[in-house]
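Presented below is the structure to which this report refers.
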Amino acid sequence: MPDLWQDAMDHAVSLARTAGTLVREAVQNDMKVMLKSSSVDLVTKTDQKVEKLILESVKEKFPTHSFIGEESVAAGEPCKLSDSPTWIVDPVDGTTNFVHGYPFVAVSIGFAVNKKLEFGVVYSCIEDKMYTARRGKGAFCNGQPLQVSDQKEINQSIIATEFGSDRHVEVVDKIFSSMRNILCLPVHGIRGVGSAAINMCLVASGCVEAYYEMGIHCWDIAAGVVIVEEAGGVLMDVDGGPLDLMSRRVIAANNKMIAERISEQIDACAPLRDDVV
Ligand code: IPD
Numbered sequence: 001m002p003d004l005w006q007d008a009m010d011h012a013v014s015l016a017r018t019a020g021t022l023v024r025e026a027v028q029n030d031m032k033v034m035l036k037s038s039s040v041d042l043v044t045k046t047d048q049k050v051e052k053l054i055l056e057s058v059k060e061k062f063p064t065h066s067f068i069g070e071e072s073v074a075a076g077e078p079c080k081l082s083d084s085p086t087w088i089v090d091p092v093d094g095t096t097n098f099v100h101g102y103p104f105v106a107v108s109i110g111f112a113v114n115k116k117l118e119f120g121v122v123y124s125c126i127e128d129k130m131y132t133a134r135r136g137k138g139a140f141c142n143g144q145p146l147q148v149s150d151q152k153e154i155n156q157s158i159i160a161t162e163f164g165s166d167r168h169v170e171v172v173d174k175i176f177s178s179m180r181n182i183l184c185l186p187v188h189g190i191r192g193v194g195s196a197a198i199n200m201c202l203v204a205s206g207c208v209e210a211y212y213e214m215g216i217h218c219w220d221i222a223a224g225v226v227i228v229e230e231a232g233g234v235l236m237d238v239d240g241g242p243l244d245l246m247s248r249r250v251i252a253a254n255n256k257m258i259a260e261r262i263s264e265q266i267d268a269c270a271p272l273r274d275d276v277v
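Numbering (UniProt numbering), first residue to last: 1 to 277.
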């Protein structure tokens, strides 16, 4: 049976590669840093330029498709997922890394139809790693198949997480108490590369057992969701329920047991949903 969305996925891979070249070139140069929701929520001209490039190309090639992009939403566009084929894009995931030249920066492109994610493309542009996954067809990095870790013991696991960009003390306290609970299970270690999308690809690659975060956005994780699932992993909300793409909370893990062990330790907070205007 022909794959209805293969053309869109091929286009996403090509756009991610072009966008990645722009990001790599920009990382060498001085950049103007602007602020969004707070003094640690950064955006650059490159975020905006890359999103414009992707948006214009999608509109030209697939005029009926919808688009949710980090910078479009920041500029006031709605963030509502409908049944229409929808591109969910983070032009530069790891903007803080990008600003500092810390070498983990990704272009993340997810694609959903009838609210179900169909493919994910994450291009880790400094590492030159192209992660791709089409629902039902497996996950790959530079064409090599990905498989999550088969570790079942939480105390032999590495867990990835991030501090996010909310510096309200009540939120930071919850982030630290969750991290303390998990660290003391104990686990082998806690890591985080500063990009939600790359953290998820590391789960898919099998080198960390799980990644969780509260405060992420749908564009940070949409592509990664398909990549993790297609590598054999699972997605969950931090409260142990099903993942809700708009809830700004995620656990991505190699298996349900590890995901549940993490969920039990999380002191959950409820950030304002992405789809609340
Ligand atoms: C951020 C990164 C970071 C995560 C934040 C995200 P951005 O995305 O993924 O690792 O901690 O929650 O917002 O702003 O660089 O696209």
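All C-beta atoms, glycine included, are put in the ideal place defined by N, C-alpha and C.
Remember, it's a predicted structure, so these values are computed and weren't measured experimentally.
Residue range of the alpha helix (DSSP H) that includes residue i
i, result
"residue 60", "45-61"
"residue 191", "First-last for residue 191: 189-191, but that is the beta strand (DSSP E), not the alpha helix (DSSP H)."
"residue 99", "95-100"
"residue 213", "Per DSSP, residue 213 belongs to no alpha helix (DSSP H); it is in the beta strand (DSSP E), 210-214."
"residue 224", "218-230"
"residue 259", "256-265"
"residue 197", "196-205"
Contact test: residue i Cβ vs the ligand IPD heavy atom, cutoff 6 Å
i, result
"residue 162", "yes"
"residue 251", "no"
"residue 196", "yes"
"residue 266", "no"
"residue 126", "no"
"residue 95", "yes"
"residue 274", "no"
"residue 159", "no"
"residue 88", "no"
"residue 215", "yes"
Neighbour-count burial assignment, residue i, 16 or more Cβ in a 10 Å radius
i, result
"residue 265", "buried"
"residue 48", "buried"
"residue 139", "buried"
"residue 177", "exposed"
"residue 199", "buried"
"residue 6", "exposed"
"residue 168", "exposed"
"residue 114", "exposed"
"residue 79", "buried"
"residue 142", "exposed"
"residue 209", "buried"
"residue 248", "buried"
"residue 157", "buried"
"residue 150", "exposed"
"residue 241", "exposed"
Three-way DSSP call (helix, strand, coil) for residue i in this model
i, result
"residue 5", "coil"
"residue 106", "strand"
"residue 163", "coil"
"residue 24", "helix"
"residue 156", "helix"
"residue 273", "coil"
"residue 18", "helix"
"residue 66", "strand"
"residue 250", "strand"
"residue 139", "strand"
"residue 113", "strand"
"residue 10", "helix"
"residue 73", "helix"
"residue 89", "strand"
Nearest-angstrom beta carbon gap, residue j and residue i [assumed within contact, 8 Å]
i, j, result
"residue 219", "residue 54", "So it is not a contact: roughly 11 Å between Cβ atoms."
"residue 196", "residue 224", "7 Å"
"residue 126", "residue 24", "7 Å"
"residue 130", "residue 13", "7 Å"
Boundaries (first-last residue) of the beta strand (DSSP E) holding residue i
i, result
"residue 120", "116-124"
"residue 129", "129-134"
"residue 35", "33-35"
"residue 169", "Counting along the chain, residue 169 falls outside any beta strand (DSSP E), though it belongs to the alpha helix (DSSP H) covering 169-183."
"residue 234", "234-236"
heavy atom of the ligand MN below 6 Å from residue i C-beta
i, result
"residue 220", "Within the structure as shown, the ligand MN is missing, the only ligands being the ligand IPD."
Short CB-CB distance (under 7 Å) between residue i and chain D
i, result
"residue 259", "The question asks about chain D, but that chain is absent: this structure has only one protein chain."
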